[in-house]
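Sequences listed follow chains A and B, in order. Using our numbering, the first residue of the first sequence is number -1, and each one after it goes up by one. Using our numbering, the first residue of the second sequence is number 16, and each one after it goes up by one. Every residue, glycine too, gets a C-beta built ideally from N, C-alpha and C.
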Amino acid sequence: MKASNPNPYPCQRLRSLPTSRREMLTKCVGGFGALALAGLRADPAFGGDGLSQPASAGHGPHFRPRAKNIIFLYMDGGPSQVDTFDPKPMLDKHNGEDPGRFFKVEATQFNNNGTVLASPWNFRQYGASGIPVSDLFPHVSQCVDELAVVRSMTSGFPEHTFANYFLHTGSALQGRPSMGAWVNYGLGSECRNLPGFVVLNGGLIPPGGLDCFGSGFLPASHQGSVFKPSGTGVANITPNEATPERQRDKLALINQLDDLATAQFGEHDSLESAIKNYELAYAMQMAVPEVMSLTGEPDHLRRAYGLESKYEPTRIYAAQCLIARRMIERGVRFIELTCPKVGGDRWDQHGNLKSGHENNARAVDQPIAALLRDLRQRGMLDETLVVWAGEFGRTPFAQGRNGRDHNQYGFSVWLAGGGVKPGTVYGATDEWGYRAVQDRAEMHDLHATMLHLLGVEHTRSTFRFSGRDMRLTDVHGLVIHDIVG
Amino acid sequence: MKDGFIFGRAPRRAGLAYLDGGGRPIVKVAAHDAAVNDLIWAGLEAVHEGEMQSKSALAKLPKSGRTLRTPTFELKHGAVSCLVEGRGHIVACVDSHRLIAGPLHGQTIKSVGGKAGWVTMNLERYLGHRLHLEFIPAKDAALSVRMVTQGLDGRALGEIDRRLSAAEKEFQAYAKAAEALLNGDGGEVEERVFADFESGTYDGWAVTGEAFGDIPQTLKTIGSYQGRINGVGTWFVNSHNIRPGGTTRKGDKPTGTLTSSEFTIDFDSIEFLVGGGAHEGKTCVNLLVDGGVVLSATGRNNNQMSLNAWDVRPYAGRKARIQVVDNHQGGWGNIGLDHIVFKKRKTGTTPAAAEKLVRAWQEERARLGGEIVRKSRVALAMMDGSGEDDRVLIRGNASKPGRLEPRHFLTAISGDAPLPIKAGSGRLELAEQVNDPANPLTSRVIANRIWHHLMGRGIVPTVDDFGVLGQRPSHPELLDHLATRFMADGRSIKAMIRYIVLSRTYRLSSHVNSKAKEADPKNTLWHHQPPRRLQGEVIRDSLLALAGRLDPTPFGPPVPIHLTSFMDGRGRPGRSGPMDGAGRRSIYIAVRRNFLSPFMLTFDTPVPFSSMGRRNVSNVPAQSLILLNDPLVVELSRGWAERALKAVPESGADGVAKRVAWMYLTGFGRKPTAKESQAAVAFLWSNADGRKTGTEDVGRWADFAHVLVNAKEFIFLR
């Protein structure tokens, strides 16, 4: 054990080819999940030698990946499609009229449906693609040529918790593995000193809670690690010893006693792995604070992200975006950003649409645009898939006087980078922005497409549980090839 | 359907005789059919572990073992009416769901109090759903249920009442005659009014203090806010005294007593009306026998007087007085009394045979009542309900129901034929098939699980799946041997554990023979015992035990989860539990879905969303980080060191080695080897950080304890 050796982080991507089975195991899972497999593979319940069975982690890509990592920008509460990326002139024309005159209004969650409600924001076309974006996003609109906007997304569930599980796990029920866990299960992480699936928590854990980030029946090592976007990010990173020497002194004795015990009781993979983990843990004590520290970032970038914004939620989200980029640089496979609190509600404007959406957009707009630009400038955007999505959209008619209720029948999400065809609009809702009518897409399709861009065939990434070969897309999912570049 | 015994085997039919009452029960005869709970079961106590932050209105109802359930029916009309008598609650369960926590759906709980009559629940919002009702008598009270209907208005209910009452007439006459015959009283009771104060004086009573004034009261002299008082005649006793000089506010202030003249107890009972405060011994009516209080009654914090009766036969022939006391000055510091009657049953009217019969019945009932175990621990179980066949869901999609599938056992074993269900859901029949001695699966599954938990790998490695997709057993004969032995040992899990841990295979060392390894690299044939990682709960409990801080108390309410600043999000509990979980074993730490213990999650304690027969065993750096840096681990390591210093007090070179040996013994269950001891002693003598440390330095011993916790042997069993 090299505990006394100052650790040569930052954790670089591994360059050399794996040479031994042990080394290969270490490298193909990695992160907090490193070596989880050593135990599993030796275990017949998880498929004998593990190498011939799908029930082992890190099956690797099935074909050439376009993206290596994913940043998932979760828009908590359900942003309104007709106020963001899906302009509908009919709403202006018939503002204040009874929507029942024009189409069948389904029961909504609160069923306090008012009249047709025009968007309070103007839409303008941007960039070479001319994709219209509302005035809510003065910054993201400048990057519109990077985006593939899916205007025909649907969800099966008009209630936050169900819809969140559906968005995150492909099932409306609690307890299924999150997409971040599936991705890490399939591909492992390239970073040894950081978890493969990180949730940067701006403050709002989605309704449905940590089960949105769980590993379900997949090995626990694939679960999302929730980081705060400040300080050390996670617990137990700071050594409790007063000095590094003292910790090394203790580690040396641990190492010595472990060696003596091994001599006495024999060598075993599981024990060796546990011993190895101390090396990684030691390295992580430095790697985690290092990735969390933004002091080394140049001023112009700090400003660009919004770290110096007057609006606190913007500052929080800016830190999340910047840390996300730093984690991507270090090989973290899947990063989800949750929304910061903006005083009022998150994107869930059952009332006061204007101020509520404005605050939420203000928190995320500048940091997201800066992230896209920064990734592009560093040449990382092509390998990083950025996904922007809420759990559902909102009704084109009012809830009460000035709100919008949940709408799962048609809403907009966008993807950028990572092999996505830039400057694209896919699918369409009806003339009211109520229902997807053209190229209707499901959550399963979004998941299938995300896996596809990572080089994973979604029907082949399975895990045997409860007598079935489970997968993220269950028995569904069609890759949306039209948005793949 | 019932979840206990208190409602008997069947409803009480009209014409059926039953014993009623407390001290000396009397025979009654039912005049109509009804489901009634028998008060012989009074005093049932359900012992449970307690709960945290329960806001459930249901939790307060004494329902365990005391519930009567209707069959499930479809709600076609909003109003559901029940003809009931007695005290208790009716709970409507919609699609088998009970109200868990208020205030939503408050209309699914309805309280029933007092007189016979219709109780109507407004359940309009559940129209079209399937529903059943549960009837729960109030604690030690009787509740009788005659009829449940839906969709009837007041007029229709009145019409039912009329018809029931017409039909009941002949039974009432029969019941009255039968009761008279069997009880021998037939209403023939001799009554003597002892005092009713209608003279408007306290003649024959001795007064002390001011509370009772000079004369009794009438409705005109008490505060009108006291209401009608419920007295007999014009005069009564009332110590809420606002007569001349008193004020409403001070009415409870005066104190005093009122004592009757002496009388001889030559009768069976004393009945009187009592009202006012419920302060025992302070606002009360007492029976004094030979000057001492033998019986006492208080009001119920209610100005309206109600009837109270004393059985005074035990004091027959003794001299007695009745004393009224008001010795309380605060709220409800008053007592009311009126109409004291001495009652004596006329003797000699019961036919000897009937009397003998009833007495034998009473004795047998009393004997049976004495055998009832009234206090029992609650075990969680679902109450059986109406049977409902479900549909096959196409591709598992709940919105695509396919054909109805009758309830039956596993097709592979008993075919597709429906279970022969006599009544209820069929759970009983399913349980019978699961437990049928001819069914080998059940004992194989549990024997395999016990093997799995002890050995780290099941004989069938997929412990949750014995089906075609599961793995085949490595040692089928062994599995059957264990399964049959398990059955033969009366299905004792303890005996099976003992049998396995005493086996040679369990006791194998973890040394690997290189030839064996070559022949059987996966150790399928158990040529050695591979080290097994301890479960998260076991690791934490071991740390607590070593630090001397483990509280081994079984049961009790859970300890709230300790919240670190990293555990944030919706629904964060307002209060964090103690970092050490108050020393309770890990199974007693509260499980909050969004705030699970990071320690347990890291060490593979399953996320509690479904059962998991077989845990993952991961091996990740986060585990090392917890053992290195978690404040609780550090604190408990120090506790272990402090214990070591106390347990082995000697110092000096030899003392250090002895103490090291003690720690190896307590931590690993073995003595250190010479080399291990040397390494430890060297560490403990060394001056880390250039500090001057003696062998009694707690900090250095804490460091050493922390080292042992981080040695792999601490979390691996071999």
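Going residue by residue through the region 317 to 346 of chain A, where are the continuous beta strand (DSSP E) segments of at least 3 residues, counting only ones entirely within it? Within the region 317 to 346 of chain A, the complete beta strand (DSSP E) runs of at least 3 residues are 332 to 335.
In chain B, which residues lie with their C-beta within 9 Å of the C-beta of Asp443 (chain A)? None at all; the shortest Cβ gap to chain B is about 17 Å.
Are Phe186 (chain B) and His47 (chain B) closer than 8 Å when you measure CB to CB? Less than 8 Å separates the beta-carbon of Phe186 (chain B) from that of His47 (chain B).
Limits of the unbroken beta strand (DSSP E) element including Phe212 (chain B): No beta strand (DSSP E) contains Phe212 (chain B), which DSSP labels as neither H nor E.
With DSSP run on the structure shown, which of helix, strand or coil describes Ser459 (chain A)? DSSP places Ser459 (chain A) in coil when its eight states are reduced to three.
Please identify the residue among B:His343, B:Leu723, B:Leu98, B:Gly80 whose C-alpha is closest to the C-alpha of Ala394 (chain B). Nearest option by C-alpha distance: B:Gly80.
Taking only the alpha-carbon atoms, compute the straight-line gap between Ala146 (chain A) and Arg324 (chain A) and give it to the nearest angstrom. Approximately 24 Å between the Cα atoms of the pair.
Cβ closer than 8 Å: which chain A residues qualify as neighbours of Ile641 (chain B)? Asn234, listed in chain order.
Check whether the Cβ of Ser625 (chain B) lies closer than 8 Å to any Cβ atom in chain A. Using beta-carbon distances, Ser625 (chain B) counts as an interface residue toward chain A, with a partner under 8 Å.
For chain B, find out if any of its Cβ atoms is closer than 8 Å to the Cβ of Asp346 (chain A); answer yes or no. For Asp346 (chain A), the answer is no, since every Cβ of chain B falls outside 8 Å of its Cβ.
Could you work out which residue in B:Ala193, B:Ser111, B:Ile105 is closest to Val163 (chain B) when comparing CA atoms only? For the residues B:Ala193, B:Ser111, B:Ile105, the minimum Cα distance to Val163 (chain B) belongs to B:Ile105.
Using the C-alpha atoms, what's the distance from Ala72 (chain B) back to Leu33 (chain A)? Residue confidence is low: Leu33 (chain A) scores 33 on pLDDT, short of 50, so the model does not pin down where it sits. Its coordinate-derived value is still stated next. Straight-line spacing of the CA atoms in Leu33 (chain A) and Ala72 (chain B) works out to 49 Å.
Chain D contact for Asn463 (chain B) (CB, 8 Å cutoff): In summary, chain D is missing from the structure at hand, where the protein chains are A and B.
Under a three-way DSSP split, which group does Ala335 (chain B) fall into? In the structure shown, Ala335 (chain B) sits in a strand (DSSP, three-state: E or B).
If you run the structure through DSSP and keep just helix, strand and coil, what is Arg301 (chain A)? Secondary structure of Arg301 (chain A) (DSSP, three-state): helix.
In chain A, which residues lie with their C-beta within 7 Å of the C-beta of Asp712 (chain B)? Under the 7 Å cutoff, chain A gives no residues; its nearest Cβ is about 13 Å from Asp712 (chain B).
Would you verify that the beta carbon of Gly482 (chain B) is, or is not, closer than 8 Å to some beta carbon of chain A? At least one C-beta of chain A is nearer than 8 Å to the C-beta of Gly482 (chain B).
Can you list, in chain order, the residues of the region 116 to 135 of chain A whose Cβ is nearer than 9 Å to any Cβ on chain B? Along the region 116 to 135 of chain A, none of the residues has a CB nearer than 9 Å to a CB of chain B.
Check this for me: beta carbons of Gly178 (chain A) and Phe164 (chain A), under 8 Å apart or not? The answer is no: Cβ separation not under 8 Å.
What would DSSP say about Ile55 (chain B), mapped onto helix, strand or coil? DSSP places Ile55 (chain B) in helix when its eight states are reduced to three.
Alpha carbon to alpha carbon, what distance is there between Pro421 (chain B) and Val407 (chain B)? Each residue's Cα considered, the two are about 10 Å apart.
Apart from the five residues just before and just after Asp480 (chain A), which ones in its own chain have a Cβ nearer than 8 Å to its Cβ? Lys419, Thr422, Tyr424, Asp437, listed in sequence order.
Going along chain A, which residues have a C-beta under 8 Å from Ser525 (chain B)? In chain order, Phe263, Gly264, His266 make up the part of chain A whose C-beta sits under 8 Å from the C-beta of Ser525 (chain B).
Coil, strand or helix - Ile355 (chain B) by DSSP: In the three-state scheme derived from DSSP, where H, G and I count as helix and E and B as strand, Ile355 (chain B) is classed as strand.
Measuring alpha carbon to alpha carbon, tell me which of B:Gln550, B:Lys509, B:Asn538 ends up nearest Thr520 (chain B). Out of B:Gln550, B:Lys509, B:Asn538, the CA that lies nearest to the CA of Thr520 (chain B) is found in B:Asn538.
Within a Cβ cutoff of 7 Å, which residues of the same chain sit near Gln283 (chain A), ignoring the five residues on either side of it in sequence? Non-local beta-carbon contacts of Gln283 (chain A) in its own chain, meaning distances under 7 Å to residues more than five positions away in sequence, involve Ile235, Pro237 in chain order.
Please report how far the alpha carbon of Thr336 (chain A) lies from the alpha carbon of Thr106 (chain A), in whole angstroms. So the two alpha carbons sit approximately 25 Å from each other.
Report buried or exposed for Pro338 (chain A), applying the criterion of at least 16 other Cβ atoms within 10 angstroms of its Cβ. Looking at its Cβ environment, which holds 16 or more other Cβ atoms inside 10 Å, Pro338 (chain A) is buried.
Three CB pairs or more closer than 8 Å across the region 169 to 188 of chain A and the region 210 to 223 of chain A: Short answer: they touch.
Residue(s) in a DSSP beta bridge with Phe160 (chain A): Paired residue(s): none; Phe160 (chain A) is not in a bridge.
Any beta carbon of chain A sitting closer than 8 Å to that of Ala94 (chain B)? So, not an interface residue.
In its own chain, which residues sit with a C-beta less than 8 Å from the C-beta of Glu89 (chain B), not counting the 5 before and 5 after it? Contacts found: Gly143, His144, Arg145, Leu146.
If contact means a Cβ-Cβ distance below 9 Å, which residues of the region 566 to 586 of chain B contact chain A? Residues passing the 9 Å Cβ filter: Thr579, Ser580, Phe581, Met582, Asp583, Gly584, Arg585, Gly586.
If we count the other Cβ atoms within 10 Å of its Cβ and call it buried at 16 or more, is Ala738 (chain B) buried or exposed? There is simply no residue 738 (chain B) to check, as chain B begins at 16 and stops at 733 in what is shown.
Mind pulling the alpha helix (DSSP H) runs of 4 or more residues that sit fully within the region 87 to 161 of chain A? Listed in chain order, the complete alpha helix (DSSP H) runs (minimum 4 residues) inside the region 87 to 161 of chain A are 87 to 91.
Under 6 Å Cβ to Cβ from Leu434 (chain B), same chain only, skipping five residues before and after it: list those, please. For Leu434 (chain B), where only same-chain residues beyond five positions count, the Cβ hits under 6 Å are Arg422, His423, Gly441, Glu444.
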